[in-house]
Amino acid sequence: MIVFLRNIPNDTLRSDIAKFIFPAIKGGLFREKGEIKFIKLLAMRGMFVKTVEHHALVAIEPDKVALRVIKKLHSTHLKGKRITVRQYSPRNKIRGYYTAHNDQRRELEITEIDSPQVIGDRKFHRIHASKF
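Right, dumping it as structure tokens:
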């Protein structure tokens, strides 16, 4: 399942997202352990308003763990900013246009941010860096 993190701080790295999610995906005595498959950082720029919003897409398996991540991290703070965490649902496009004629996303320019993979904790890096 792909999890969507909305309105993350603009200086957030992939490693920050991984550290933020890790406590929610680690297994426990009666909890299944999850795995992060990929992390994508996105910048959405309004073409007319000239605003920039930063978001992240995180693929987590299995789905049961992804739902636990959503429940545990929704409306929490990442680097001092409150973020929204929900399941990602792709929008339908027909011939390159969104199906709803009044959809505000038509005016967005979406770019993927290629952030450096800086992880300070060596143990964390050995365990998780190969996944990103």
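The sequence shown begins at 1 in the working numbering and counts up one residue at a time.
For glycine and all other residues, C-beta sits at the position ideal for the given N, C-alpha and C.
Distance, residue j Cα to residue i Cα
i	j	result
residue 1	residue 47	30 Å
residue 83	residue 4	10 Å
residue 11	residue 114	12 Å
residue 40	residue 31	26 Å
residue 70	residue 37	16 Å
residue 28	residue 90	32 Å
residue 15	residue 85	17 Å
residue 61	residue 24	12 Å
residue 121	residue 109	In this prediction, residue 121 has a pLDDT of 42, which is less than 50 and means its spatial position is unreliable; nothing more can be read from the coordinates.
residue 119	residue 17	With a pLDDT of only 38 at residue 119, under 50, the local geometry of the prediction cannot be trusted, and no value is derived from it.
residue 33	residue 50	41 Å
residue 63	residue 21	14 Å
residue 59	residue 35	8 Å
residue 19	residue 73	12 Å
residue 26	residue 65	9 Å
Pick from the options that is closest to residue i, judged by C-alpha positions
i	options	result
residue 52	58, 79 and 44	44
residue 8	90, 80 and 88	80
Cβ pair residue i, residue j closer than 7 Å
i	j	result
residue 112	residue 13	no
residue 67	residue 88	no
residue 6	residue 77	no
Beta carbon proximity, residue i to chain D, threshold 7 Å
i	result
residue 39	The chain inventory of the structure shown lacks chain D, comprising one protein chain alone.
Every unbroken alpha helix (DSSP H) within the stretch 50–95, with a cutoff of 4 residues, ordered by chain
63–73
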